[in-house]
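To keep things clear, I will list the structure first and then write my remarks on it.
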Amino acid sequence: MHLLKTQRPLFSSIFDDLVLNNRSRHTLHANPFDTPSVNVIESDVDYRLQLAAPGKNKEDFSIELDEGVLSIATENEIPENNKEENYTLREFVFSNFKRAFKLPDTVAIDKIKAEYKSGILTVTLPKVKEALPHPKKLIVIK
238 MHLLKTQRPL FSSIFDDLVL NNRSRHTLHA NPFDTPSVNV IESDVDYRLQ
288 LAAPGKNKED FSIELDEGVL SIATENEIPE NNKEENYTLR EFVFSNFKRA
338 FKLPDTVAID KIKAEYKSGI LTVTLPKVKE ALPHPKKLIV IK
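Heads up, the sequence shown is in the working numbering, so the first residue is 238 and it goes up one at a time.
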C-alpha cells in the first residue's frame, strides 16, 4: 500500500523551501550559475544529494553537519588577473559556494558518506532502521 506516495516525498517537503531560499539568497550576491544545481534522490534505504560541481577536486569541498543541518561548501583561491595577458573574452569563473540542507530525523547521521566523481559530488544519507520499509506481514485472526 502506497499511502505516502501520493504526497510529496518527506525529503522533498523538508528541503524544498530551504533549497529555494538558499538559491535565491545566492542570486542576490553572485551569479546564480555559480551555485551548483542539486538533485535529491530518495530510495527505500537512503537519500542521495548530487551536486553538479565540475572542475573541482575532492579536496576543494568541505562537508559539515551541525545540529541537523548539512553544509556543503567550497573555497578556492581566486587567481589574480595577470596584467601581462590581454583578454579579449574571459569567462572562466573561479567561485566559492555554500549550500545548506536541514536533514530529516530519518537520516542515520553517523553513516553519511560522500564521493566526488566525474564532476558530481554525491552525498549518501542512509535512513535509520526505523524508517526502512518493513516486509509485508500476514496477520492471523484468532
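Even for Gly, the Cβ is constructed at its ideal location relative to N, Cα and C. Quick caveat, the model's predicted, so the values are computed rather than measured.
Three or more C-beta pairs closer than 8 Å, one from the segment 319-329 and one from the segment 297-304: is that the case here? no
Exposed or buried, what is K374 when buried is set at 16 or more other beta-carbons lying within 10 Å of its beta-carbon? Translated into positions along the sequence shown, residue 374 becomes position 137. It counts as exposed.
Between L358, R336, E321, Y353, which lies nearest to A310 when the distance is taken from Cα to Cα? Position 73 of the sequence shown, counted from the start, is the residue given in the question as residue 310. Taking only the C-alpha atoms, the option nearest A310 is R336.
List the endpoints of the continuous beta strand (DSSP E) containing V277. Residue 277 sits at position 40 when you count from the first residue of the sequence shown. That run of the beta strand (DSSP E) goes 275-279.
Backbone CA spacing between T272 and A368 [nearest angstrom]: Residue 272 sits at position 35 when you count from the first residue of the sequence shown. Residue 368 sits at position 131 when you count from the first residue of the sequence shown. Rounded to whole angstroms, T272 to A368 spans 31 Å at the Cα level.
In angstroms, rounded to a whole number, what distance separates the CA positions of Y182 and H371? Any property of residue 182 remains undetermined from this structure, which presents the chain solely from 238 to 379.
For K364, I'd like the list of residues in its chain whose CB is within less than 7 Å of its CB, leaving aside the five on either flank, ordered along the chain. Numbered from its first residue, the sequence shown carries residue 364 at position 127. V282, D283, T343, V344, A345, listed in sequence order.
What are the residues that DSSP puts in a beta bridge with L307? For the purposes of this step, residue 307 is taken as residue 70 along the sequence shown, with counting starting at 1. Answer is L302, F338.
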